[in-house]
Each structure stands twice: as C-alpha cells, then as structure tokens.
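**Student:**
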Amino acid sequence: MTGERGVRDGAILAELLPADEAERRALLARHEPAAYAEDAQAADVWEAWEARCGALVERAGGGPADRAAWAGLLVWLTRESARCGAFSEPKAAVRLALLCRRLLDGGLRGLVDPDEAVRGCLAALPATRETVPTRDDTELRTENFEAILVSRHTKTLVAAAVPLLPQVGDPELRAELAAWEELRERLI
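According to the working numbering, the sequence shown is numbered sequentially starting from 278.
1) Who are the Cβ neighbours of C361 in its own chain at under 6 Å, not counting the five residues just before and after it?
2) Run through the DSSP bridge pairs and tell me what L464 is partnered with.
3) Spatial neighbours of R372 within its chain, please: C-beta separation below 7 Å, excluding the five flanking residues on both sides.
4) Cα separation between L376 and A303?
5) Can you say whether P410 is buried or exposed, counting buried as having 16 or more other CB atoms within 10 angstroms of its CB?
6) When you compare only the Cα positions, how much space is there between K432 and L294?
7) Throw me the rounded Cβ distance for the Q318 and A328 pair, which I believe falls under 8 Å.
8) On the three-state DSSP scale, how would you describe S358?
9) Looking only at its own chain, which residues have a Cβ that is under 8 Å from the Cβ of M278, when we skip the five neighbours before and after it?
10) Just reading off the alpha helix (DSSP H) that P310 is part of, what are its end residues?
11) Which of helix, strand or coil does DSSP assign to P391?
12) Could you compute how far the alpha carbon of D390 sits from the alpha carbon of G383?
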C-alpha cells in the first residue's frame, strides 16, 4: 500500500478491525460499494482488500495478538466475499482452503477449521470419484472439452484440500480426502 490510496485503505482496515460483523458490512458498503455490486468488479475489490489485510498479517511489527487480530479480519473478508457471491462456490472453497493452510503454516491456528475448509472443497466437487473424467478414460480432444474442465476443476479443489489432510480431525472426512488424493494423479 503506497500513496494516498494506501493510507486511506489502511485507515479503513483499522476501522474494520474492532468492528462487529454488521458494522464491517456497513463500513465496506460505504467505503467500497463495488464489493457488494454483484458484478465482475466485486471479486477484484475483495481480492485487493484481502491482499492489503494479508500484508498486515505478514508484517514484522506487532506481536502475536496483533497478527491474530489481523488474521481474524482476513478470515472475515474471505468468508464475506464468498457470502456475498463475489466468487463461485468452487473458487470460494479453494480460497478458504488456501487461507487455512497459509494461517496454519504461519502458526495461526483456530481461525479456520481444516475440516470445514476440506468439506467446502469436497462439497464443491463437480463429480464423484466414480464419474469424474480421468486420463484413463478421456482423450484430450476438443469434443471432450466439458469432461476435461470437470476433471481440471476437480483436480484444483482436491489440490487445495490435500495439504490440510494431516490436520483433518474427522476420520470419515480424512478417508474421503485420502481417496481423492489417490485419484488426483489420474485427473486431467
């Protein structure tokens, strides 16, 4: 964040930090109405806010409580962008899983439940293990374009969830994700 826009955005993020959920929505709607516009620009707005907040989580200054507070706001921004429909269900699931991993890798636990993030990815899958197109049964040809897309979307969701496998607490969920992991290399 640099310049006048960066200072303004930093001030808005500082305002959002202590606010409750309703206040946060009102503040963002007032300062950044495009976030709730239900158009293509909304996703860009949310990604920009999340990047700014993510930089505050990563910064060297501030203690663990400061980092955790900014990370909590980052989680809220990610969930709110999904709630308002800025991203498709699969993209929102991938974004939450990647954020969960990033926070866990940064030592910030308890902000996103790995089970929830994995469930979101698995719920957004466009096919079952039995019906998903694989390299074994789908030729890479133009007429198979839809099948190829289904396989690629599936692979993206599985790839986002698999790094969370060691943190998944639900044994059934862990087994389901492990089964998808075994299939992942055969996806297109």
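Ideal Cβ positions, reconstructed from N, Cα and C, are used throughout, including at glycine.
**Tutor:** Taking the coordinates as given:
1) Excluding sequence neighbours, C361 sits near Y313.
2) As computed with DSSP, L464 is found in a beta bridge with T411.
3) Excluding residues up to 5 positions away in sequence, T355 and F364 lie with their Cβ nearer than 7 Å to the Cβ of R372 in the same chain.
4) C-alpha of L376 to C-alpha of A303: approximately 24 Å in a straight line.
5) The residue in question, P410, is buried, as its Cβ has 16 or more Cβ neighbours within 10 Å.
6) One C-alpha to the other measures close to 35 Å.
7) Not quite, the Cβ-Cβ distance comes to about 15 Å (not below 8 Å), so this is no contact.
8) In the structure shown, S358 falls within a helical segment according to DSSP collapsed to helix, strand and coil.
9) Below a pLDDT of 50, predicted positions are generally treated as unreliable, and M278, at 45, falls in that range; the measurement from the model is reported next regardless. V284, D286, G287, R329 and A332.
10) Premise fails: P310 is in no alpha helix (DSSP H) and is neither H nor E.
11) Secondary structure at P391: helix, using DSSP grouped into helix, strand and coil.
12) Those two C-alpha atoms are separated by around 15 Å.
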